[in-house]
Amino acid sequence: MEVAFLKTPLGLAELRGDSEGVSSIRVLDHTDMPSHQIPKSLQEPARQLKEYFAGERSSFSLKTNPQGTEFQKRVWQALAQIPYGKTITYLDLSKSLGDPKAIRAVASANGKNPLWIVVPCHRVIGSDGSLTGYAGGLHRKKWLLEHENPIKQQSLFEN
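The sequence shown begins at 466 in my numbering and counts up by one.
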């Protein structure tokens, strides 16, 4: 397993993977960047993340290899279908998987998502529109949603 680090506006991202694909991307709370070369297997994921943060990318095309249960992988696949700039509720996500009563299990699988940003668990919100439950911290979830859907300000004096 190879490791790379990438500075982002939300902290230091740690990428892990190999020739089978990216197995995890997570944000760290510390900002000390280890000096290292990005391994060949992680250069493309690092490039795509840089483009995302620069506002130049709205979807990812990466070979991924996340580790989890079959149920978790089903939830992560459903998360990957949420369009850029859009949100879905935990209940709607549960319904899309065929079981509205599985909301707690879906929320748990969402929280165990190993592919930060690439599998956009930040796009799942509470039924009341609140920014609930985000492993990376609600401040990061808010930043990501604003990054993906910036409010366009209009001048009062535009014709």
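Don't be surprised by glycine CBs; every beta carbon is placed ideally from N, CA and C.
When D497, E521, F518, S484 are compared against K505, the one with the closest alpha-carbon = S484
Opposing strand residues paired with E479 [DSSP bridges] | F470, R491
Under the three-state reduction of DSSP, which class applies to V584: helix, strand or coil?
-> Coil.
Backbone CA spacing between P499 and F518 [nearest angstrom] = 20 angstroms
Counted within 10 angstroms of its Cβ, other Cβ atoms place S559 as buried (16 or more) or exposed = A buried status is given to S559, since no fewer than 16 other beta-carbon atoms sit within 10 Å of its beta-carbon.
Cβ pair V492, A478 closer than 8 angstroms | yes
Neighbourhood of G533 by C-beta distance below 8 angstroms, restricted to the same chain and skipping five residues each side = W541, A574, K577, P579
Under the three-state DSSP convention, the category I547 falls into = coil
Determine the extent of the alpha helix (DSSP H) in which G602 is found, giving its start and end residues.
-> Careful: G602 lies outside any alpha helix (DSSP H) and carries neither H nor E.
May I have the straight-line CA-CA distance separating E521 from T473, to the nearest angstrom?
-> 14 angstroms
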